[in-house]
């Protein structure tokens with residue numbers, strides 16, 4: 001074990017706390033405090049357990065939801081096809097058989113896995129959290145070590161409550177300064193992806209530090225950590241502070257009463273000690289950040305909203321140039337041109353990146369008193385039923401509907417386009433989701449990733465627009 | 001899991017960078033509840049035309065690609081989602097190894113659990129392998145796991161890294177859950193200690 005006098009990073013502290021066994025030349029046996037599962041990446045894991053005749057070791061440490069292929073049309077349990085229906089059915093029977101708590105489709109506690117974890121208080125500082133879903137990095141916003149795993153590993157955790165893990169390196173991403181009005185958490189993370197590239201943090205766990213990160217609310221922090229994987233990092237973490245504790249206090253599954261005070265005291269130790277070393281540091285000046293947008297087919301292909309797309313000669317490396325040219329062809333865009341003013345067909349506001357109440361409030365601020373532009377389809381998909389209820393209590397749903405946007409039931413929806421919410425071939429979308437890969441939002445669909453403000457601005461103008469022009473008016 | 005010791009095969013060149021798991025296996029194919037049959041959907045949106053017929057311009061459809069067990073792919077292969085369906089689809093098609101300059105973390109971890117070997121080489125080695133394979137699609141590449149070497153035409157020989165544990169599991173064809181399960185007592189002691 002590490003000498004306790006030695007300064008440690010936040011990551012190191014959480015890691016040390018969870019190492020069950022570390023044999024030489026072997027990965028660590030790492031204890032997992034919480035596993036979240038959903039319909040898509042869990043069926044084969046349960047089949048594996050059954051084949052081996054193994055029970056779930058600690059069923060109370062796994063929580064299940066349905067989100068990926070679930071419908072978002074109101075008052076309907078219409079599921080896209082029999083295969084999806086069978087998959088949802090299998091999650092239900094697996095949870096029943098193995099004694100796992102499930103928030104099924106239609107349940108008032110149902111929602112996107114990375115939204116309901118924090119919302120219900122399952123997500124807590126210092127926990128190790130996994131899910132068969134790469135955006136599990138979201139939960140790191142609370143100072144948890146949270147990362148996506150494959151289905152084999154889902155089975156490992158079900159069977160042993162542990163995973164075999166090689167210790168990753170640490171990357172500090174320090175965001176100094178203060179975000180300007182109209183610049184959001186989404187713009188911070190898109191700027192990081194653009195700066196270091198989609199594989200820039202492969203092999204690392206990121207810790208986000210600096211005054212601009214401290215200044216974010218929990219929802220903004222979740223947005224940042226959520227897209228750590230888009231820069232290649234399996235996990236992103238932020239040290240818990242009063243903002244974290246204020247968010248968690250009183251939530252369903254957090255410690256209550258005297259236990260709460262003890263927990264806060266314990267959680268307060270979860271920060272990087274002075275003098276602890278990171279393997280690498282990247283510094284971003286928040287004062288200079290502007291609203292961001294992606295133009296290409298991975299989240300690293302992003303730029304400031306007011307900029308021009310690169311020209312082909314900007315790429316010295318032939319394979320990078322080829323990747324850029326391929327992306328431009330897929331997107332139907334001309335290198336060197338601006339994106340401002342580009343006509344769009346669809347706006348999607350939702351996903352585990354940007355479907356929380358603060359995101360919806362931001363979007364509603366733009367929609368208020370305005371109409372969705374002719375010919376534009378706009379979907380607003382809250383991340384959970386709790387968020388939906390909250391938004392409706394605040395009248396946000398009315399603002400969306402009066403503007404001509406579709407107000408939907410919670411789910412992953414058009415972020416992954418498994419449930420029937422998808423782009424048509426060739427359509428352009430401004431999306432608050434996390435991936436602009438080819439076909440991600442529907443076969444042949446073309447995605448510009450941006451913040452809820454920028455997405456809403458595109459919806460009401462019908463084109464890529466700097467939202468600051470609408471915030472001022 | 002299938003054992004991996006030595007593999008000699010011709011290869012499929014796919015020099016695109018950052019090939020993400022949505023390209024390897026699009027999300028609409030993730031509604032399955034088993035692991036089999038995904039090979040037909042591998043690289044689906046690149047591989048088939050709108051009418052469902054083979055896209056003659058996609059490398060996997062070329063006659064020279066048939067039977068290949070090695071994929072030579074651009075940097076940061078397997079970025080994106082955690083779907084283990086990606087290695088299931090690659091293995092389902094017949095691949096046993098991928099040579100690249102870099103792999104996304106979760107993909108690499110998933111591949112190793114399915115007998116699919118990620119072979120990470122330097123940009124120079126990658127370029128010479130790619131060039132040789134593109135010049136002559138019948139070029140044989142040998143990947144030897146015990147010595148961690150990849151060899152090709154013209155005396156090309158390079159080593160590749162792999163962690164000792166994954167190597168052990170691949171060589172023996174054992175999966176990692178058995179190893180984890182052997183720590184039952186330690187896990188119980190840990191749980192006791194923390195409650």
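Protein chains in written order, with our numbering: chain A, 1 to 473; chain B, 1 to 195.
Glycine residues also receive a C-beta, built at the ideal position from the N, C-alpha and C atoms.
Which residue comes first and which comes last in the beta strand (DSSP E) that contains residue 428 of chain A? 428 to 431
Residue 10 of chain B to residue 163 of chain A, Cα distance in whole Å?
35 Å
Distance, Cα to Cα, residue 89 of chain B vs residue 250 of chain A?
-> 45 Å
Residues of the region 416 to 449 of chain A whose Cβ lies closer than 7 Å to any Cβ of chain B, in chain order: 416, 417, 418, 435, 437, 438, 439, 440, 443
Exercise for the section: Could you work out which residue in B:6, B:8, B:2, B:15 is closest to residue 326 of chain A when comparing CA atoms only? Expected result: B:15
Query raised in the report: Is residue 37 of chain A near residue 154 of chain A, with beta carbons less than 8 Å apart?
Result: yes
Contacts of residue 194 of chain A in chain B (Cβ-Cβ under 9 Å)
By Cβ distance, chain B contributes nothing, its closest Cβ being about 14 Å from residue 194 of chain A, past 9 Å.
query: What are the boundary residues of the beta strand (DSSP E) that residue 176 of chain A is part of?
result: 169 to 176
- Spell out whether any CB of chain B is found under 8 Å from the CB atom of residue 372 of chain A. no
### Query
Taking the DSSP output, what are the residues bridged to residue 157 of chain B?
B:151
TODO: Specify the secondary structure class of residue 54 of chain A as computed by DSSP and reduced to three states.
DONE: coil
Worksheet item: Closest by CA to residue 26 of chain B, which one among B:143, B:112, B:106, B:82?
Response: B:82
I want to verify the contact list: residues of chain B whose CB lies under 8 Å from the CB of residue 152 of chain A, in sequence order. 84, 110, 113, 114, 175, 176, 177
Task: Residue interval of the beta strand (DSSP E) (run including residue 146 of chain A) - done: 145 to 148
Requested in this report: Scan the region 132 to 156 of chain A for residues whose Cβ lies nearer than 7 Å to a Cβ of chain B and list them as they occur along the chain.
Outcome: 132, 133, 134, 148, 149, 150, 151, 152, 155, 156
Using a Cβ-Cβ distance cut-off of 8 Å, determine whether residue 183 of chain B contacts chain A.
yes
Next on the checklist: Using a Cβ-Cβ cutoff of 7 Å, what residues of the region 272 to 296 of chain A are near chain B? List them in chain order.
Outcome noted: none
Secondary structure at residue 452 of chain A, three-state DSSP: helix, strand or coil? helix
Where the region 76 to 103 of chain A meets chain B: residues whose CB sits under 8 Å from a CB there:
81, 83, 84, 86, 87, 90
Ignore the nearest five residues each way along the sequence and tell me which others in residue 94 of chain B's own chain have a CB closer than 8 Å to its CB. 39, 67, 68, 69
Handout entry: Where residue 390 of chain A sits in the DSSP three-state scheme
Key = helix
Exercise for the section: Step through the CB atoms of chain B and report whether any lies within less than 8 Å of the CB of residue 159 of chain A. Expected result: yes
Top-ranked residue by Cα proximity to residue 423 of chain A, from A:401, A:447, A:403
A:447
request  = Tell me residue 131 of chain A's beta-bridge partners as DSSP assigns them.
outcome  = A:36, A:148
Check: Would you call residue 148 of chain A buried or exposed, if buried means 16 or more other Cβ atoms sit within 10 Å of its Cβ?
Finding: buried
Exercise. In angstroms with no decimal places, state the Cα-to-Cα distance between residue 268 of chain A and residue 241 of chain A.
Key: 7 Å
Practice item. Run down chain B in chain order and give the residues with a C-beta less than 8 Å from the C-beta of residue 164 of chain A. Key: 165, 176, 179, 180
* Asked: By Cβ distance below 6 Å, which residues in the same chain neighbour residue 101 of chain A in space, the five residues on each side in sequence not counted?
  -> 63
Worksheet item: If you pair each beta-carbon of the region 211 to 220 of chain A with each one of the region 169 to 184 of chain A, do three or more pairs fall below 8 Å?
Response: yes
* **Contacts of residue 232 of chain A in chain B (Cβ-Cβ under 8 Å)** => 76, 79, 104, 105
| Does any CB atom of chain A fall closer than 8 Å to the CB of residue 68 of chain B? | no
Among A:51, A:443, A:470, the one whose alpha carbon lies nearest that of residue 50 of chain B: A:443
#### Entry: Test: residue 253 of chain A CB closer than 8 Å to a CB of chain B
no
Three Cβ pairs or more, each shorter than 8 Å: is that satisfied between the region 148 to 166 of chain B and the region 121 to 131 of chain B? yes
- Output the distance between the C-alpha atoms of residue 389 of chain A and residue 93 of chain A, rounded to the nearest integer angstrom. 28 Å
query = Which residues bound the beta strand (DSSP E) around residue 285 of chain A?
reply = 280 to 285
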